[in-house]
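Positions 5 to 389 (the numbering used here) are the ones given, in order, by the sequence shown. From the three backbone atoms N, C-alpha and C, an ideal C-beta is built for every residue, glycine too. As the structure is a prediction and not an experimental result, all values here were calculated from the model. Here is the structure we will look at.
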Amino acid sequence: MGRTRLFASLCGLVFLVNLARIIFAPLLDVFIAEFAIGEATAGLIVTLAWVGSASLRLPTGWLLTKVPRHHLVLVSGTILAGSSAVAATATTVPHLMLGTFLMGIASGVYFVSANPLVSELFPDRVGRVMGVHGAASQVAAVVAAPLVALTLFVNWQLSLWLIAVAAALVTVYIFVVARETELPDAGRHDSNLLASALSEWRLIGTALAIAGITVFIWQGVFNFYELYMQSKGLSRGMSSTMLTLVFAAGIPAFFVGGDLADRLPKVPYLLGIVGTFAAGLYALTAAESLWALITLTVIVGFVIHALFPAVDTYVLGTLPDETRGSAYAVFSSIWMLSQSLGSYVLGVFIEGGYTYDEVFAASAVVLGASVVVLFIVDRTGRLPG
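Right under this line is the structure:
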């Protein structure tokens, strides 16, 4: 019962740390108008949240060899509460960028420390609990656009203040529950970050090869999804609804994706997800009618979000106790860094005169080609499964 309560509280905090990363996507057009900036600068603001998320993952992994996982979870909640307040008080673009970067740091510290903890709380059903944990974070993605729409009746800062207050309350609750819970000690022999990562380099490299380009592309897609839908001729309100829909499709995807990750061969399953995402994204660029856009939005949203619990289950479920925390931190750091520039790169291409459809279609082709190559390599038995 203690572990269940702790898991529930972690689901509450992961909702907030993911909301802190997603909240900037529906605020992009507000920032463009409020601070008189272009798409590239707006994309850089979002990118800083993800760069921040990547920046302290390796140091966090090293700290996991010294301190219990739940201690760093508490640190992440504290950082989130303070950094959200910093962003909420921003009056200049550099000030806003600082707050965004710090909010990203909070999420990075959280995921590196909490994901191994979640997998160790219930080691016999890693995929399922990672799916539930991921679904909790995905609810934040669904709530983000409506929350911003509601708070804009007051001001854009209100949504960030709400995150700050909620993060403080949930962090205190986790502190209380963790003191009353018998926690797993699976990571007690994980004492050397570099050695652990080097011993698991094939697994880390395979996971990055499968998911690295995919999430880089996804960063650009979802952060500019509202503007993309507007370029397709949809109204601002309908475009916001489409962004909500692409994230809403992810809620069942986390449940289904995590459950299937426990049951199916992991590498072929991951390649199937990536290939389907590439096909859906390419089809989206050719869609014109509203119903086609809605259908493909649901498909793309479902498929891409099934990837996240599948990757985490592949890595965390395969790693042994003595390397799990350190090796996952290295994987997570590189993975997050590889995707963090996606929004900025897309903004540069759009300002350079390319259309969203052209950029996304080219991305889908590259992604599809990578799946074919990795599938051939996997058939030779060279990828760890």
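Inset, instruction - Mind listing, in chain order, the continuous beta strand (DSSP E) runs of no fewer than 3 residues lying wholly within the segment 47-135? - result: Fully enclosed beta strand (DSSP E) runs of 3 or longer: not present.
Legend entry - Beta-carbon proximity check, V278 vs V375, cutoff 7 Å: Yes. Within cutoff.
Legend entry - Continuous alpha helix (DSSP H) stretch holding P256: start and end: Looking at the DSSP string, the run of the alpha helix (DSSP H) that includes P256 is 254-267.
Inset, instruction - Throw me the rounded Cβ distance for the Y332 and P120 pair, which I believe falls under 8 Å. - result: Approximately 6 Å separates the beta-carbon atoms of Y332 and P120; this is inside 8 Å, confirming the contact.
Legend entry - Nearest to A53 (by Cα), restricted to the options F353, S111, E43: The shortest Cα separation from A53 among F353, S111, E43 belongs to S111.
Inset, instruction - Ignoring anything shorter than 4 residues or poking outside the segment 191-242, list the alpha helix (DSSP H) runs there in chain order. - result: Restricted to the segment 191-242, the alpha helix (DSSP H) segments that are unbroken, complete and at least 4 residues in length are 197-203, 205-227, 229-235, listed in chain order.
Inset, instruction - Evaluate contact between the segment 26-42 and the segment 332-343, counting only Cβ atoms and requiring at least three cross-stretch pairs below 8 Å. - result: Between the segment 26-42 and the segment 332-343 there are fewer than three C-beta pairs closer than 8 Å, too few to call the two in contact.
Inset, instruction - Quick one: give me the first and last residue of the alpha helix (DSSP H) that D33 is part of. - result: Element bounds for D33: 32-38.
Inset, instruction - May I ask you to report which of helix, strand or coil DSSP gives S374? - result: Here S374 sits in helix by DSSP.
Legend entry - Within 7 Å, strictly: CB atoms of G81 and A144: Contact flag unset, no.
Legend entry - From T95, T317, S163, residue whose alpha carbon lies closest to that of E124: Closest option to E124, Cα to Cα, is T317.
Legend entry - Contact between the segment 363-371 and the segment 216-223 (3+ Cβ pairs under 8 Å): Using a Cβ-Cβ distance cut-off of 8 Å, the segment 363-371 and the segment 216-223 are in contact, since at least three pairs of beta carbons, one from each stretch, lie closer than that value.
Inset, instruction - Measure from the alpha carbon of A91 to the alpha carbon of each residue in L387, R61, L162, then state which is nearest. - result: The shortest C-alpha separation from A91 is found at L162.
Legend entry - Span of the alpha helix (DSSP H) around E355: E355 -> alpha helix (DSSP H) spans 346-355.
Legend entry - Secondary structure of D325, DSSP reduced to three states: The three-state secondary structure of D325, taken from DSSP, is coil.
Inset, instruction - Take every Cβ of the segment 172-182, pair it with every Cβ of the segment 287-297, and state whether three or more of those distances are shorter than 8 Å. - result: Using a Cβ-Cβ distance cut-off of 8 Å, the segment 172-182 and the segment 287-297 are not in contact, since fewer than three pairs of beta carbons, one from each stretch, lie closer than that value.
Inset, instruction - Output the boundary residues of the alpha helix (DSSP H) element that contains A8. - result: In the sequence as presented, Ala is not what sits at residue 8; that position holds Thr. For T8, the enclosing alpha helix (DSSP H) begins and ends at 6-26.
Legend entry - Endpoints, the alpha helix (DSSP H) within which Y177 is located: Bounds of the alpha helix (DSSP H) holding Y177 are 162-183.
Legend entry - Own chain residues within Cβ distance below 6 Å of R328, not counting five before or after: Its chain contains P120 as the residues whose beta carbon lies nearer than 6 Å to that of R328, once the 5 sequence neighbours on both sides are disregarded; these appear in chain order.
Legend entry - Neighbour-count burial assignment, N159, 16 or more Cβ in a 10 Å radius: Exposed, because fewer than 16 other Cβ atoms sit within 10 Å of the Cβ of N159.
Inset, instruction - List the whole-angstrom C-beta distance separating L264 from A118, where the pair is believed to meet the contact cut-off of C-beta under 8 Å. - result: The pair is not a contact, with the Cβ atoms about 22 Å apart (cut-off 8 Å).
Legend entry - Contact check, D266 vs G131, beta carbons under 7 Å: Yes, these two residues count as a Cβ contact at 7 Å.
Legend entry - CB-CB length for G135 against F259, believed under 8 Å: Contact check for G135 and F259: beta-carbon distance about 5 Å, within the 8 Å limit, so the pair qualifies.
Inset, instruction - Identify whether A29 lies in helix, strand or coil by the three-state DSSP scheme. - result: When DSSP states are grouped into helix, strand and coil, A29 belongs to the coil group.
Inset, instruction - Within 10 angstroms of the Cβ of D128, are there 16 or more other Cβ atoms? Answer buried if so, exposed if not. - result: Here D128 is exposed, its C-beta having fewer than 16 other C-beta atoms within 10 Å.
Inset, instruction - My understanding is that I217 touches L274, with C-beta atoms under 8 Å, so please give their C-beta distance in whole angstroms. - result: Between L274 and I217 the Cβ distance is about 13 Å, and since that is not below 8 Å, they are no contact.
Inset, instruction - Leaving out five residues on either side along the sequence, give the residues of the same chain with a beta carbon under 8 Å from the beta carbon of L166. - result: Spatial neighbours of L166 in its own chain (CB-CB distance under 8 Å, excluding positions within 5 residues in sequence) are listed in chain order as L151, T155.
Inset, instruction - Look at G47 and Y232 and say whether their C-beta atoms are less than 7 Å apart. - result: With contacts defined by Cβ atoms closer than 7 Å, G47 and Y232 do not form a contacting pair.
Legend entry - Whole-angstrom distance between A85 and P63, CA atom to CA atom: Taken atom to atom, the span from the alpha-carbon of P63 to that of A85 is near 20 Å.
Inset, instruction - State yes or no: is the C-beta of L17 within less than 7 Å of the C-beta of V174? - result: Yes; because the gap between Cβ atoms is below 7 Å, this pair is in contact.
Inset, instruction - Using the Cα positions of T95 and L76, report the straight-line distance between them to the nearest angstrom. - result: If you take the alpha carbons of T95 and L76, they lie about 31 Å apart.
Inset, instruction - Return the first residue and the last residue of the alpha helix (DSSP H) that G284 is part of. - result: Its alpha helix (DSSP H) spans residues 270-290.
Inset, instruction - Would you mind sorting S293 into buried or exposed? The rule is 16 or more other CB atoms within 10 Å of its CB. - result: Using a 10 angstroms sphere on the CB of S293, the tally of other CB atoms stays under 16, which defines it as exposed.
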